[in-house]
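Undergrad:
Protein chains in written order, with full-length UniProt numbering: chain A, 1 to 276; chain B, 1 to 276; chain C, 1 to 276; chain D, 1 to 276.
(1) Could you check where the alpha helix (DSSP H) with residue 173(C) kicks off and where it finishes?
(2) If the cut-off is 7 Å on Cβ atoms, which residues from the region 146-168 of chain B count as contacting chain D, listed in chain order?
(3) In three-state DSSP terms, what is residue 273(B)?
(4) Quick check: the Cα distance between residue 183(C) and residue 189(C), rounded to an integer number of angstroms?
(5) Would you report the Cα separation of residue 98(A) and residue 221(C), rounded to the nearest angstrom?
(6) Is the region 205-223 of chain A touching the region 65-84 of chain B in the sense that three or more CB pairs, one from each, lie closer than 8 Å?
(7) Express the C-alpha separation of residue 29(C) and residue 17(C) in angstroms, rounding to a whole number.
(8) Shorter than 9 Å from the beta carbon of residue 216(A) to some beta carbon of chain C?
(9) Is it true that the region 118-126 of chain C meets the region 142-151 of chain C, where meeting means three or more beta-carbon pairs spaced less than 8 Å apart?
(10) Do you know offhand how far residue 84(D)'s Cα is from residue 254(D)'s?
(11) Let me confirm a value: residue 191(D) is counted as buried when at least 16 other C-beta atoms fall within 10 Å, else exposed. Which label applies?
(12) Identify which residue in 121(A), 70(A), 158(A) has its Cα closest to the Cα of residue 45(A).
(13) At what residues does the alpha helix (DSSP H) containing residue 92(B) begin and finish?
(14) For residue 193(A), would you say it is in contact with chain B, using Cβ-to-Cβ distances shorter than 9 Å as the test?
(15) To the nearest angstrom, how far is the alpha carbon of residue 218(C) from that of residue 66(C)?
(16) Could you give the C-beta distance for residue 224(D) and residue 229(A), rounded to a whole number, given that I count them as a contact under 8 Å?
(17) Can you tell me which of the three DSSP states residue 220(A) falls into?
(18) Specify the secondary structure class of residue 42(C) as computed by DSSP and reduced to three states.
(19) Within 10 angstroms of the Cβ of residue 31(B), are there 16 or more other Cβ atoms? Answer buried if so, exposed if not.
(20) Can you list the residues of chain A that residue 208(D) reaches, using a CB-CB cut of under 9 Å?
(21) Assuming contact is defined by CB atoms lying nearer than 9 Å, are residue 233(D) and residue 231(C) in contact in what I supplied?
(22) On the premise that residue 166(B) lies in contact with residue 37(C), defined as a C-beta separation below 8 Å, what is that separation, rounded to the nearest angstrom?
(23) Within the present structure, is the beta-carbon of residue 127(A) separated from the nearest heavy atom of the ligand ZN by less than 8 Å?
(24) Which residues mark the beginning and the end of the alpha helix (DSSP H) in which residue 129(B) is found?
(25) Could you tell me how far apart the beta carbons of residue 150(C) and residue 236(C) are, in whole angstroms, since I believe they sit closer than 8 Å?
(26) Nearest by alpha-carbon distance to residue 164(A): which of 9(A), 79(A), 194(A) is it?
(27) For chain B, is any of its Cβ atoms less than 9 Å away from the one on residue 88(D)?
(28) Measuring CB to CB, does residue 305(C) end up less than 9 Å from residue 202(A)?
(29) If distances are taken between C-alpha atoms only, which option among 173(D), 55(D), 226(D) comes closest to residue 205(D)?
(30) Tell me the residue span of the alpha helix (DSSP H) that contains residue 53(A).
(31) Determine the extent of the alpha helix (DSSP H) in which residue 183(B) is found, giving its start and end residues.
(32) Output needed for residue 198(C): all residues of its chain with C-beta closer than 6 Å, excluding positions within five of it in sequence on either side, in chain order.
(33) Could one say the Cβ of residue 80(B) lies closer than 9 Å to chain C's Cβ atoms, at least one of them?
(34) Going by alpha carbons, who is nearest to residue 158(A) out of 208(A), 227(A), 104(A)?
(35) I'd like the span of the alpha helix (DSSP H) that includes residue 206(C), first residue to last.
(36) Check residue 20(A) in the structure and name its three-state DSSP category.
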């Protein structure tokens, strides 16, 4: 075996561990990553609680550094182990990975870079990448199939809701007026959405009898039409019960595309050989 | 080709562009109209935000004039290109088109005609006319079919909700009384609707133990019976999955009726020839 | 035709008009009654609005007297036209009819009988009797069939919700304590119901971090399990779509039982001949 | 019949009464227990209402003692009548039984043991044991089957909701900031859950226009995706309508395992003979 082949084989293994989840090491890597992400999110959260940050500032700071360095190593390994690094770097997850790792380094250079800190919360998005694991239980995939099938209907429905809320919000702005908290049409539309979706904060609420009458109609409408998206998904779910679901977690070692068929041997996107 | 034929042919083309959406120009017209409507709605909204209006009053005013003139031209073209103009003028959309265009001109004559301004929000209703486009994806039609089929059941259900709310509201008026915010039966009924639909503003809330007990029952009731409209629509959606959906966007050049069958050559309403 | 026969025939006609809805006169009577009930409810509502009552007290008083007298006449006619008057008088609707008619007469004798006034709201319950009309559209009956079939499941579900709310309410009482508004276990249970059913008044809300954590769990739970009653009714509705629905509005002239089969000629309860 | 046999037979009968529900005595025992549990819960609730406790302290105290002694006797009988007492003592219900009985005795020894009092609310959990009765109506079992089948999907869905709430909460923390009530990321996540689940307390609500815009999106999202769990359960319920449900209420006299098949003669867990 030549040096170059050895090199490739070593990259092959790394690729399988980092990008896939059908070997023992690959699964272990995903579990460790999941734990690191969740720990990191809890750190970001606790840091924002002033009383906690005052007490344990040093502990939080050091833990954050450890996690940032771990994620940096992972980021570099991801670049190294793939054949077309730029495809990964400019992919959705590649950008997320960079953005969620960089803030800590920035805080070293720019002392007041407080606002970048929250970018670290983006790390949570990386959890979805690990959901490859969840795919094994078949549940999340079936959900996605039903959702994709009903995407168009739900979009039409939500578009419809927004239009109704704009019209009703404008009516309420005219009926209640600025003296009752409906200070502008956008605020009234915001109120109409709060009411229609049955959230009902109560920060703005109608005070005139006619306003309360219209509000009642909006509420009953909102209460009634919640049935529509539900009906859509229900009927799709019933259908999707008969569909077979793919559980192949392989990612192309060349272009990082996923969702290959169960018996795929070559990438459907770039045609390169998949890891056996 | 005679002059009269030329004239008719010119009207034909205009009718196809403005009223229909199965030619390239027709689709383009609809997209432009959609953008204009949305832009116009955003203008109406921003105008109502005092701080914004103070700063950019001139910009808002000029933009509004441009859009009003565009809509006026469209209105005139719609009248010109149809064979029976009065059918359009007194149709639902004809009235909407007029009402939503006129306020700006009125503000020219009557300086203080502030209240008419909000009429421009009606323009949003015109979006539904353009949904002819959406019809192509089949989704909105299927939704409408399921909703029409379950119309009677949902009406009975909402009627039932209103009756329950009136009775429970009256009971709460007796139990809580005016000192706890339930100042009259209509207000109590309003509260019952707020509670039953799980909106829950909290502007009025029960304070006596017995009132809280009744409120709990209303909430659990409302939480339980939301299942009913959902069940209705779900079962209708499941049925409608098997129905074929028409995607003909033609409108009769004579009487403007729509919803013709896919292979219709003559209007089902007035019998005149449809545009090929 | 003998005198007694004439008398019976006259009663027959009256019975058909008042108790049934399959003759022209019967339908007309029901529509008039419906209008009278709704008018009467609006009167009761407006009377409770102080500012309105002060202005139009005389108008409200006279209208109420007219409606009360009309309902009294109807009550007497109902007793006269049925063969077994006591069966009607002590039936559910018989008692409702009496209770909702009597308060106005009482106000004549007892000047301060304010509290009886609200009993008139019970008149609204009479609307359900007239829903015999609605039965024609078949919708309300289908709804009732699906609801009856899923009654047991929904009862178990609501029982389950109440138990969870009691346990979670008790936990919140311990966690948040009286200083945060959770003054007693019943109040905490009330709060848990408000939260679980996604009503969320906000009159009581958790302030400690741990309390907010538990509240989050309750909310997600409530958001998730609303699916259960919906699922129950959906699956029942799908089944009930195949069931035939009876639309016979006849009532037995002897014992006033309803829900006879479509081709019934004799009462299934007492065996007496039904009106042809 | 030897003495030992008599003894066993006596234990047999007791076991059948206490642990099962297919004899007349067994059902009666369950009903009495249900009443005692509910009475006891009402006592715990009333005790926490200060004004009530001040008035009727003695009555509450004596009633509580009576119920505590009754539950103690039941606890001892449960231990005596089973062949492997430790299996019961360390089972879930065994621990619940002990924890919910002991607080009153502790209050005798430790005068200030106020906090243990609420442990008595755990008694309510015992109601689920008696739901063996409910199993007869078949409803609760069918519900459980549908829920178990959709467990994985609902878990994935709730996991998804939590991730979205964390990300949206963090965004809102950045947008609204501490001056608008979003004091830390955990509080903002709590707010996002309150909004997404359409609870909407209103204790925290967005004040900046951009914050209200994001809040609107969260609400519409929450209103739309409530369809997902509903769709899941609906499709499972439809399936489970065809499943047969076991109504065997026997518990193994040796190891107390339940859920035996309808025609089971031996325990599927330890192999000992079930009561005929």
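Just so it is clear, CB atoms sit at the ideal spot from N, CA and C, and this is done for glycine as well.
The structure presented is a predicted model; accordingly, all values stated were derived computationally and were not measured.
TA: From the atom records:
(1) 151-176
(2) none
(3) strand
(4) 11 Å
(5) 35 Å
(6) no
(7) 7 Å
(8) no
(9) no
(10) 6 Å
(11) buried
(12) 121(A)
(13) 92-109
(14) no
(15) 52 Å
(16) 5 Å
(17) helix
(18) helix
(19) exposed
(20) Per Cβ cutoff of 9 Å: no residues; residue 208(D) is ~11 Å from chain A at best.
(21) yes
(22) About 11 Å; that fails the 8 Å criterion.
(23) Ligands are entirely absent from the displayed structure, and the ligand ZN is therefore not among its contents.
(24) 127-130
(25) 4 Å
(26) 194(A)
(27) no
(28) Limits of chain C in this structure are 1 at one end and 276 at the other, which puts residue 305(C) out of reach.
(29) 173(D)
(30) 50-81
(31) Unbroken run through residue 183(B): none, as it is neither H nor E.
(32) 222
(33) no
(34) 227(A)
(35) No alpha helix (DSSP H) holds residue 206(C); DSSP gives it neither H nor E.
(36) coil
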